[in-house]
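Engineer: Protein chains in written order, with UniProt numbering: chain H, 1 to 65; chain W, 1 to 258. A virtual CB, placed ideally from N, CA and C, is assigned to each residue, including glycine. For clarity, every value in this text was computed on a predicted model and none was experimentally measured.
1. So with Cβ pairs under 7 Å, would you call residue 36 (chain H) a contact of chain W?
2. Near residue 138 (chain W), what residues of its chain come up, given a Cβ to Cβ distance below 8 Å and the 5 sequence neighbours on each side ignored?
3. By the 8 Å beta-carbon criterion, what residues does the stretch 13-32 of chain H contribute toward chain W?
4. Got a sec? Which residues, its chain only, sit under 7 Å from residue 125 (chain W) by beta carbon, not counting five neighbours each side?
5. If you count every other CB in all the chains shown that lies within 10 Å of the CB of residue 254 (chain W), and 16 or more means buried, which is it?
6. Closer than 8 Å between beta carbons: that is the criterion. Which residues of the stretch 42-71 of chain W meet it against chain H?
7. Output the distance between the C-alpha atoms of residue 130 (chain W) and residue 250 (chain W), rounded to the nearest integer angstrom.
8. Alpha carbon to alpha carbon, how far is residue 4 (chain W) from residue 180 (chain W)?
9. If you check the beta carbons only, do residue 13 (chain W) and residue 227 (chain W) fall under 7 Å apart?
10. Residue 168 (chain W): which of W:178, W:159, W:158, W:154 sits nearest, CA to CA?
11. Please identify, using Cβ separations under 8 Å, the residues of the stretch 11-27 of chain W that lie next to chain H, in order along the chain.
12. Opposite residue 55 (chain H) in the DSSP bridges: which residues?
13. So the candidates are W:86, W:83, W:135; which of them puts its Cα closest to the Cα of residue 108 (chain W)?
14. I'd like to know if residue 40 (chain W) contacts chain H, where contact means its C-beta is closer than 7 Å to some C-beta of that chain.
15. Show which residues of chain H have a CB atom less than 8 Å away from the CB atom of residue 175 (chain W).
16. Determine, using beta carbons only, whether residue 63 (chain H) comes closer than 7 Å to chain W.
17. Can you give me the C-alpha to C-alpha distance between residue 230 (chain W) and residue 55 (chain H), rounded to a whole angstrom?
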C-alpha cells in the first residue's frame, strides 16, 4: 500500500499508525504523529487505520526560537 | 528571581532560543553561560535514519532548563493548534509559545488567527504564551481568550532592531500592570534586553542575537547579566527624565574664583 510519510511517497505493509512507526524504525523515539492533518496521540496509534494515500506526519524535537 | 508565568517562577528573566547555533556544543555552552529561565524548542519532521531530534532532545534534557515549545512556521489556526497538540505530547508540557504568522516580510503575527487559536488551546488546558504585537485591543482579546501572559514583539523576528515602539511597549506595561509581559523578537544587543526589564517587562525572549553573534557563548553571558541589571534597575525605581540640565554637584559653597 502506498502512503505519504513526511511528504514522501512510501510503500508500506503496516495497516495502523502504530505498526507503521515500528516498520519505519521509529520505535522508542520521542515523536508525535498526525494522520491526514489530525493529531493522533501515542495511545491512539494502534487504532488509527491507514488507507492507501494516507498522509502521515512524524515529528520530533528540534531547535527553535 | 524573575516573574511567575502560570504559577511557575523562573530562575531568570531570560528566555533563550535554541536555533541557529554553530554547533550543539556551542548551544550547550551558551546555555551554561546565560543560565536562562526557559529554553524555547520546536518540532520538525523526523527521519528515522538520522534521528536528529533525539540527539537534540538528549542535550536539552541534560541542560535541565524548562522548555517552552513554539508553533513557529505556522500560518493557520489549524496548523498552530495541531502543532501545539504534538508539542504537548513530545515535550510533556502544556506551555506553548503560540505563533500564527501573518506576513512573510516582517513575520508579524496574524492577530486574528492568534486570538482564535489561543481560545481553542486555553479551553483545552494549554498555558498559552502568545507572540503578539503591542496592540492593546488585541492584548485585551488574548486575555479574554484565557492567556495569562503576553509576548509583544520588540521588532521583527531576527532583525536585531531592539524596541522599535517604545511608546507602545510602555503603554502596554502601564495598561496591564499585573499581567506578565515578555518582549519576544527583535532584540539585538544586551542593552535592548536591559531596557525592556528597566521598563518593567518581566522577561525577554532572545535567539538570533545570541546564536548569530561572533562569540555566542560570550554574548549569552552578556545577555544573562543584562537581564539581571535591567531587573535590578527596575526594582530600584529609575529617576524621572528631565528636559533641562540640573547640576549634580552642589553649587552652594563653591569657591569664588572669577
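Structural biologist: Result, derived from the coordinates:
1. no
2. 111, 114, 115, 132
3. 24, 25, 26, 29, 30, 31, 32
4. 94
5. Flag for residue 254 (chain W) reads exposed.
6. 42, 43, 44, 45, 46, 47, 48, 49, 51, 52, 53, 54, 56, 57, 60, 69, 70
7. 50 Å
8. Cα-Cα distance, rounded: 7 Å.
9. yes
10. W:154
11. Those residues of the stretch 11-27 of chain W that come within reach of chain H (Cβ to Cβ, closer than 8 Å) are 17, 18, 19, 20, 21, 27.
12. H:4
13. W:135
14. yes
15. Listed along the chain, the chain H residues whose CB falls inside 8 Å of the CB of residue 175 (chain W) amount to none; the nearest CB is some 27 Å away.
16. Residue 63 (chain H) counts as touching chain W.
17. 49 Å
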